[in-house]
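Report on the following structure.
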């Protein structure tokens, strides 16, 4: 049977067009305009893509523009041409970004951790925390081993004569930090349990000096500690997690306070989304200002170029190969698609050189772009910003081997293992602030009896290496959150399978009453094992 051609209603049809055999066929208006609209459709796709990734593109452009602007100002005279007053005005937009990010850190860390810990049952909280710490420990050990291996292979300290010639231009080492290993771990434990939560918001404890005292006729170095400027994030993290677990234990009585912290956290994330649109401007001037402050970038790269190359190469290998490989092996997902979703926080980490300052942006991006649940990201990321320092551990190992080669001291197997373990442990206590890794480098040098005097050379190029460290640190935090999200998804999937099997095995053991008449005829409702009609254990079976 052949259908008649459409008559009367010609809506959506254009004039007939000749066919190949001489006949004529009706062509819809949509098809007729398809060819003409193809170009417009591609333009719309490009426009939508640009709109969706506008912030990422602006941030990347800001980094490139900051480098170009800094080199341009440096070529025009640098700080001598600008003067102190104009230099302060030049870097003011970047300073404003840092102040905005630091302003939001305290409420974000406390509220997000309380909210995340309260939303998890204690057993899940313990599992997530254990897996997170295991991931952070393993990746930090891998980063440390990679740093030692690269430094031993590339020998960055072999050309020590060129570097010694530039010591006078890079600064003095008299003020280089020096601290005993035991005192560093004791300071870490003291900061985990702050004596005052209010002061922990802006101060932390640190051993600052040693005093020689005569005790029973023997001179003994006694550590002298004090409260120093800087937020004690580690103590706040521990308190927030414990407080969230306590709210969970209260049950219904704690629901009101949990909802308060959830609302507080959501409002904080709204502020973060506003700050994100200012980030490209601040990043551009932060990068440009740091380049302008360097008096002779060429000399530093010429004398310490191999050391810088070793650090940057190690960070690139660990961040682009090792961490993505671990993510792929456990999730079977494309890690680079995950990394594309956090380009904005990574660029912000490069500009601010602070893991803590990048935390608000990272939370927002992993939740919105990579599908990480809020209770996971807001529980894991603050912990990672405090204890996960892959970049710092790698840099510290490279710096320790570099200084050993510079001092012409050999490193045996025991010293190499000591460097690995000490770098992994000390990186946990490294502050999530600019140059935080350098402050703990002296611990490693003291552990293997290397001269602390050469830390001034490390400080001379730390403005660049520290930025690369921060990018690697925050990348490891984000991938750790993604791995835990995958672990939770698979755990929930497996937990449903035994329940289904148990239901199927129990059904034949119980008497089967007549099915209910209402509802889907394919579904019959049976009572649970107890036989109670009001029990909530009724099950449905597909006929």
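In the UniProt record's numbering, the protein residues as written are 1 to 543. Don't be surprised by glycine CBs; every beta carbon is placed ideally from N, CA and C.
Contact between the region 255–270 and the region 336–347 is absent: fewer than three C-beta pairs spanning the two stretches fall below 8 Å. The Cβ atoms of residue 471 and residue 362 lie no closer than 8 Å to each other. Distance from the Cα of residue 292 is smallest, within the candidate group 142, 86, 42 and 277, for 86.
Take residue 202, set aside five residues on each side of it, and the residues of its chain with a beta-carbon closer than 8 Å to its own are 229, 230 and 231, in chain order. In the DSSP secondary-structure assignment, residue 226 is bridged to 206. Comparing alpha carbon positions, the residue from 393, 425 and 416 closest to residue 476 is 393.
Around the beta-carbon of residue 353, 16 or more other beta-carbon atoms lie within 10 Å, marking it buried. Judged by their CB atoms, residue 109 and residue 240 are nearer to each other than the 8 Å cut-off. Residue 211 counts as exposed, since fewer than 16 other beta carbons sit within 10 angstroms of its beta carbon.
Note on residue 260: under 16 other CB atoms within 10 angstroms of its CB, so exposed under the neighbour-count rule.
When DSSP states are grouped into helix, strand and coil, residue 342 belongs to the coil group. Residue 116 and residue 134 have their alpha carbons spaced roughly 19 Å apart. In this structure, residue 287 places its C-beta atom within 8 Å of the C-beta atom of residue 63. When C-alpha distances from residue 388 are compared across 327, 415, 419 and 356, the shortest belongs to 356. Beyond the five residues adjoining it in sequence on each side, residue 118 comes within less than 6 Å, by CB distance, of 244, 247, 248 and 258 in the same chain, given in chain order.
No residue range can be given for residue 91, since it is assigned to no alpha helix (DSSP H) and is classified by DSSP as neither H nor E. By DSSP's assignment, residue 219 forms a beta bridge with 214. Taking 8 Å as the cut-off, the Cβ atoms of residue 272 and residue 364 count as close.
For residue 390, the enclosing alpha helix (DSSP H) starts and ends at 390–406. Counting only the Cα atoms, residue 200 lies some 14 Å from residue 102. Residue 420 and residue 147 have their C-alpha atoms roughly 9 Å apart. Contact check for residue 371 and residue 469: beta-carbon distance about 28 Å, past the 8 Å limit, so the pair fails to qualify. Residue 76 and residue 99 have their C-alpha atoms some 29 Å from each other.
With a beta-carbon spacing of about 24 Å, residue 234 and residue 418 fall beyond the 8 Å limit used to define contacts. By the neighbour-count definition (other C-beta atoms within 10 Å, threshold 16), residue 84 is an exposed residue.
Excluding its 5 nearest sequence neighbours in each direction, residue 106 has C-beta neighbours in its own chain below 8 Å: 201, 231 and 236, listed in chain order. Residue state for residue 327 is assigned as helix, using DSSP reduced to three classes. When only Cα atoms are considered, residue 282 and residue 96 end up about 7 Å apart. Assignment of residue 362 by DSSP, reduced to helix, strand and coil, places it in the helix class. The beta-carbon distance between residue 350 and residue 90, rounded to whole angstroms, is 19 Å. This is too long to meet the 8 Å contact definition.
Following the DSSP letters along the chain, one finds residue 248 inside the alpha helix (DSSP H) bounded by residues 233–250. Boundaries of the alpha helix (DSSP H) harbouring residue 262: 255–276, taken from the DSSP string.
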